[in-house]
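Sequences listed follow chains A, B, C and D, in order.
Under this note's numbering, the final residue of the first sequence carries the number 159; numbering is consecutive throughout.
Under this note's numbering, the final residue of the second sequence carries the number 1829; numbering is consecutive throughout.
Under this note's numbering, the final residue of the third sequence carries the number 862; numbering is consecutive throughout.
Under this note's numbering, the final residue of the fourth sequence carries the number 503; numbering is consecutive throughout.
Okay, structure first, notes after.
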Amino acid sequence: MITALVTIMVLAALAGLATVVTAGAPEEISLADRIDALLPQTQCRRCTFAGCRPYAEAIAQGAADINQCPPGGERTAKALARLMGVAPKPVGKEFGVVPDHPAVAFIEEEACIGCTKCIQACPVDAIVGASRHMHTVIAADCTGCELCIPPCPVDCIIMRPAPTVAR
Amino acid sequence: MTFPTTPAPHVVAHDSVGRVMRIVIYALLPTVLLHVAFFGVGLLVQITLGVATALVSEALALRLRRKPVEPFLKDGSAIVTAMLLALCLPPLAPWWLVVSGTAFAILLAKHLYGGLGANPFNPAMVGYAVLLVSFPVQLLQWLPPAGMDMEQVKLSIGETVQTILTGSLPSRLTWDAVTSPTPLEALRTNLKMGMTMAEAQAAPIFGTLGGRGWEWINLATLAGGLALLGLRIIRWHIPVAMLSAIVISASLMYMVDPGTYAGPIFHLTSGASLLGAFFIATDPISAATSDRGRLIYGAGIGVLTYVIRTWGGYPDGVAFAVLLMNLSVPLIDRYTIPRIYGHAR
Amino acid sequence: MSALLLILLSAVLVNVMALTRMPSWRPFAAVTGTFKGAQGLAIASLIAIPLVATIAWSLSAWVLKPNGLGYLGTFVFVIVAVAVVPLVELIMRRDARLQPQRPGFPLLVTTNSAVLGIALMVDARMQNIVDAVSFSVAMAAALGFLMLAFAAMHDRLQHADVPGVFRDAPLALVSAGIMALAFMGFTGLIQE
Amino acid sequence: MTASELLTGGLRLEAHKQRSTKAPIRIASLAERYVIPLDQHSGLSAVPLVKPSDRVRMWQPIAQPAPGISAWLHSPVSGEVVAIEPRPAPHRLGAPTLSIVIANDGRDERFENAAAIVSFEQISPTEACEHIGRAGIVGLGGAAFPTANKLESSLCENGPQLLLNGAECEPYISCDEMLMRERAEDIVFGGRALLHALCARNCTIAIEEDVPEAQAALLRAIEKAGDSRIRIKVVPAIYPAGGERQLIATVFGVEVPHDGLPADIGIVCQNVGTAAAIARWIRDGQPLVSRIVTVTGDGVTEAGNWEARIGTPFSSLIVDSGGYTERMARLIMGGSMMGIPLPHDDLPVVKATNCIIAASALDLQPRSAEMPCIRCGNCSQACPAFLLPQQLHWYLQPFDGDQLARHGLLDCIECGCCDYVCPSQIPLVERFREAKPLLTRELDARLTADAARARFIARNERLARLEAEHRAKLAAKRRPRNEPTS
């Protein structure tokens, strides 16, 4: 009887120790990381969060649904549904229209007054220019988030189809 | 003057699925003929029933799936399935056996997975395995081959048809008098009874190479198979891998203990080794894709066939071996993608 | 030698516990067709199951039984599994390719290890440590193979024109049925 | 990797060359108007040097290369520039592209290209490359890659090996065969010029086994030139042995890396027609204003090879060939395997026009109805890139980017072998062609997403840092002066 008790206690202690040791170690790739990897990284905030990463964290915590990313479209929604083990569904209309083609912002240079408002709005530093000098969008770096359009006081930013990358 | 435009290439070899399947059917004919010569017309009745069922099931499934019926009935794949299944059944098996097996094969193993081209398991072998597991007694009621010097019980054509359709023999006969085990089954039983290999193979059912009659049928199958190879309907990888695997396994065990294990020639010429190697395992839809994958696939079938035959509870292992390797095909395909031009190995 | 061979064969081919015992069905449901997930699970099983089985068998044979505590066997197995699996997971985290793909991963491996371990212990054929280790390795290999094969099959069926009502779960069950049918070929293989 | 391994792919196709090789090369009759598309080479469109109503003379440069990959264009005739406007061109189903239209005055007044030289050995290799570029010479095998750009990217110190591609594997095309038969000396001359321009070690002329006359002609020309660096290599008549990468594997037994160029492994491949064009430029001062075009098929009365000036309408060549037969059904530029289908014949001959097939139903029977793939594997046996087309096809529906990339969709050379052998009559190449941009876009999207994420993180960190500095400054300002600093 005593041997049994001792054996059980020793083993239980070992098991507890192992669990404690591993629980203390941080998970190297978190769920939020894996969700973030599936998002298109446009940082457009149409999901109502302040970028792709915050949206990913919200999904990981169960605070957001998987269908809030219009730039990702059906593919992203499907991939997210698969990762989270839920049924796939189309992107919610309230978050915006799924674009047919990738687009990038373009500044009509004659109209630009150099106010730097768009530079401040760009989440990925894809606009260059200095105060009172003409700005321009680096097309290759632009994610097409359209966040630079509302702040522009002279409405000189338009969306154009993204240039195709030559291979 | 304007001309219609279609994308390149502008020439194609006018091959078709139908032609491939037709050639397979023709290549099966020698086997069928010798089978009939040794075991009577039962097989023809079975094939007729099977083909009819296959076509009806196929049409039904296509109709239900709202697919065009005619091109798929004409492609002949259902006929091949039905013929292969019928060849595996005893000639006097009752009609509902071949009908239910074929229907199961076409409806469940083929169309449930998306029809022609999508079935991961060989439909004929699924049908056969279901029958073997469900009705083992009926599936072991084989006939003695013609020309054996044991008491002959000949059935006329009418009696054969009647037996198959009613499931019972003419009143003058009993099943015990009519049936005889297959060579593989006989060998297993004899060995279980404690006979040595020599004693076991002395029974009249055994011939020079393998089972009496069976050895000739298998040679006909080999001829048909070689024809398929020659016409490039199948490629060598699967048959060669499968047969070599059987030969190697059998030779190894034979060398270890010739008293307990039959030799490689016996294994090649008995049961469904050759039919399996040339006609069943080579079904491209359920086989592995790349050359390397096909070698692995074939070898796997060979080894498993030998294992199941020698130590398992069923008389022949080809059907189970094929299904087991079908199961592994997607995995094999994943790991045997050939090196692409210009890429490092 | 031939006894060992028999054990290995029976482990790989016949006693595929995954197909015969309910709890072990979970791996197939859990990987939901992602091949990478199945790969992680297979590797975890390959490490964890032999480890659990060996430790538990040694404890059972050399600690419990001599002390008349054989009845604690099952309990000890569960505890060993609970202790070992997190360690295995920790090892796997070091390699990004083996990252556990889904939550609940350790639980799965734990269940599998425990179930297979218990099966191993109650098997009377396990007379010495070599038998036990090789049996557990074979078992883990068989389970891993099946998980991979099933995941690869699932991936392949994604692209087939499967009739709507049979998509996913029904077809997976039909496939499992045909798989079980195929494994029936091994019936009677190991009778001794 | 040995040459024999290549032979596992490819097809032995029934050749249809005899029809067009009975008669020698003939000169195509002159047309009223010549249409010179500005984008008849790969790379960027050329920039016009002339404007409407300008007078031009024969061989005069009329467009210069844009910066980057591009080529010169020269006037094939003397006359007047009528217009510079979009005109139908023989690519992309005859879609119009900007072209220079020249009205022929029939006088063939020659423009003297001052730079033409007789002895190329006197100039340095770099100058030789530039000089070749000024002739507007592009790869005449069909891809029309500007030769000067190819030579520039191939200059290497230890001397590359030159490969002249005379393996014309497309069953209908015979322009290179006729060129080798009749103008072997030009090819050898051009080969020697290229050897000099590239500082190449040696020159191999690859030629198919089924053209003995051409082999003999080339051997004679090499003997006459007395250049021991030039040799002939006979290759099997297997389609697509004439594809650049396939030919290199056959001749040298090495593979071009999938993400590299032949120059990366010290090999430069040029078409024999290109070599002959170089010879004419260096020796005679004639820029690339004409080429040999095979007109063949059951749809024309008399098949043959024509020396046609660039810009000659297809319809004029058809008239030269005796006009259409009643059976004429389809028009194709290029070969039967990879050629471009064209909706009408009001199109100019461009530098890439190696062949015009006027096909009847006897030549090219339409496909039968498509059936599902039965995974027979004939396609993977035929694929010269060692791909598994059946698997690619499987993963196209629905589109699975990961698997398509793993199975090498982007390595498909669109040769059409898989289509040819497919018993299910699946238009595989067409599907692959459509899927490639989708896959490229998906793979690019992943890269750009990673870059965007990195910049987003960097920006957030920078903003946070600025914010912190700002707060620290504010705090320092607000702090009363007499409070001791800690």
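Glycine included, each C-beta is placed from N, C-alpha and C at the ideal position.
Owing to the predicted nature of the structure, the values given are computational and were not obtained by experimental measurement.
In chain A, which residues lie less than 7 Å from residue i when you measure between Cβ atoms?
{"i": "A753 (chain C)", "result": "L6, A7, A10"}
Grab the span of the beta strand (DSSP E) containing residue i for me, first residue to last.
{"i": "Q178 (chain D)", "result": "178 to 183"}
{"i": "F1487 (chain B)", "result": "Looking at the DSSP string, F1487 (chain B) is not in any beta strand (DSSP E), and its letter there is neither H nor E."}
{"i": "M345 (chain D)", "result": "345 to 350"}
{"i": "E225 (chain D)", "result": "219 to 225"}
{"i": "S46 (chain D)", "result": "From DSSP, S46 (chain D) is part of no beta strand (DSSP E); its letter is neither H nor E."}
In terms of residues, what are the limits of the alpha helix (DSSP H) holding residue i?
{"i": "P105 (chain D)", "result": "Where P105 (chain D) is concerned, there is no enclosing alpha helix (DSSP H), although the beta strand (DSSP E) it sits in stretches over 96 to 105."}
{"i": "P54 (chain D)", "result": "No alpha helix (DSSP H) holds P54 (chain D); the beta strand (DSSP E) holding it covers 50 to 54."}
{"i": "V252 (chain D)", "result": "Run containing V252 (chain D): none in the alpha helix (DSSP H); it sits in the beta strand (DSSP E), 247 to 252."}
{"i": "I204 (chain D)", "result": "201 to 215"}
{"i": "C1572 (chain B)", "result": "1561 to 1572"}
Along chain D, in chain order, which residues have C-beta atoms closer than 9 Å to that of residue i?
{"i": "H824 (chain C)", "result": "Near H824 (chain C) there are no residues of chain D at all, since even the closest Cβ is about 13 Å away, more than 9 Å."}
Would you call the CB atoms of residue i and residue j closer than 8 Å?
{"i": "A80 (chain D)", "j": "L61 (chain D)", "result": "no"}
{"i": "L75 (chain A)", "j": "R26 (chain A)", "result": "yes"}
{"i": "A48 (chain A)", "j": "A24 (chain A)", "result": "yes"}
{"i": "K368 (chain D)", "j": "H148 (chain D)", "result": "no"}
{"i": "V94 (chain D)", "j": "R326 (chain D)", "result": "yes"}
{"i": "A1538 (chain B)", "j": "T1515 (chain B)", "result": "no"}
{"i": "Y1738 (chain B)", "j": "P1723 (chain B)", "result": "no"}
{"i": "T1651 (chain B)", "j": "P1575 (chain B)", "result": "Thr is not the amino acid found at residue 1651 (chain B); the sequence shown has Gly there. Taking 8 Å as the Cβ cut-off, G1651 (chain B) and P1575 (chain B) do not qualify as a contacting pair."}
{"i": "T1789 (chain B)", "j": "A1805 (chain B)", "result": "yes"}
{"i": "I247 (chain D)", "j": "C220 (chain D)", "result": "yes"}
{"i": "A475 (chain D)", "j": "C434 (chain D)", "result": "no"}
{"i": "C186 (chain D)", "j": "N322 (chain D)", "result": "no"}
{"i": "P365 (chain D)", "j": "W76 (chain D)", "result": "no"}
{"i": "I1785 (chain B)", "j": "A1765 (chain B)", "result": "yes"}
{"i": "H213 (chain D)", "j": "P279 (chain D)", "result": "no"}
{"i": "A79 (chain A)", "j": "V146 (chain A)", "result": "no"}
Give me the chain C residues within the contact set of residue i, using Cβ-Cβ distance strictly less than 9 Å, ordered along the chain.
{"i": "S1735 (chain B)", "result": "Residues of chain C passing the Cβ test: none, with the nearest at roughly 18 Å."}
{"i": "G1585 (chain B)", "result": "Here the premise fails: no neighbours, minimum Cβ distance about 13 Å."}
Does residue i pass the burial test, meaning 16 or more other C-beta atoms within 10 Å, or should it be called exposed?
{"i": "W732 (chain C)", "result": "exposed"}
{"i": "N798 (chain C)", "result": "exposed"}
{"i": "A699 (chain C)", "result": "Residue placement at A699 (chain C) cannot be trusted, given a pLDDT of 46 that sits under 50; the coordinates are not used to answer."}
{"i": "P188 (chain D)", "result": "buried"}
{"i": "I1437 (chain B)", "result": "Residue 1437 (chain B) lies beyond the range of chain B shown here (1485 to 1829); nothing can be said about it."}
{"i": "I204 (chain D)", "result": "buried"}
{"i": "E1554 (chain B)", "result": "exposed"}
Just the chain A side, please: which residues come within less than 8 Å of residue i by C-beta, in chain order?
{"i": "F473 (chain D)", "result": "Q33, Q35, G43, C44, R45, P115, V116"}
What is the DSSP secondary structure of residue i, counted as helix, strand or coil?
{"i": "L1600 (chain B)", "result": "coil"}
{"i": "Y1781 (chain B)", "result": "helix"}
{"i": "H1721 (chain B)", "result": "helix"}
{"i": "A842 (chain C)", "result": "helix"}
{"i": "H424 (chain D)", "result": "coil"}
{"i": "F416 (chain D)", "result": "coil"}
{"i": "A462 (chain D)", "result": "helix"}
{"i": "H91 (chain D)", "result": "strand"}
{"i": "Y1745 (chain B)", "result": "coil"}
{"i": "L321 (chain D)", "result": "The question names Leu, but residue 321 (chain D) in the sequence shown is Gly. Three-state result, G321 (chain D): strand."}
If the cut is a Cβ gap below 7 Å, which residues of chain C does residue i touch?
{"i": "Y1798 (chain B)", "result": "G855"}
{"i": "S1812 (chain B)", "result": "A819"}
Going along chain C in order, which residues have a C-beta closer than 8 Å to the C-beta of residue i?
{"i": "G1599 (chain B)", "result": "D831"}
{"i": "T(-1) (chain A)", "result": "V733, L734, N737, L739, L742, V746"}
Give me the chain B residues within the contact set of residue i, using Cβ-Cβ distance strictly less than 7 Å, ordered along the chain.
{"i": "E447 (chain D)", "result": "P1491"}
{"i": "G404 (chain D)", "result": "Residue identity check: residue 404 (chain D) is Leu in the sequence provided, not Gly. Chain B residues near L404 (chain D): I1824."}
Below 7 Å on C-beta distance, what does residue i contact in chain D?
{"i": "T135 (chain A)", "result": "A469"}
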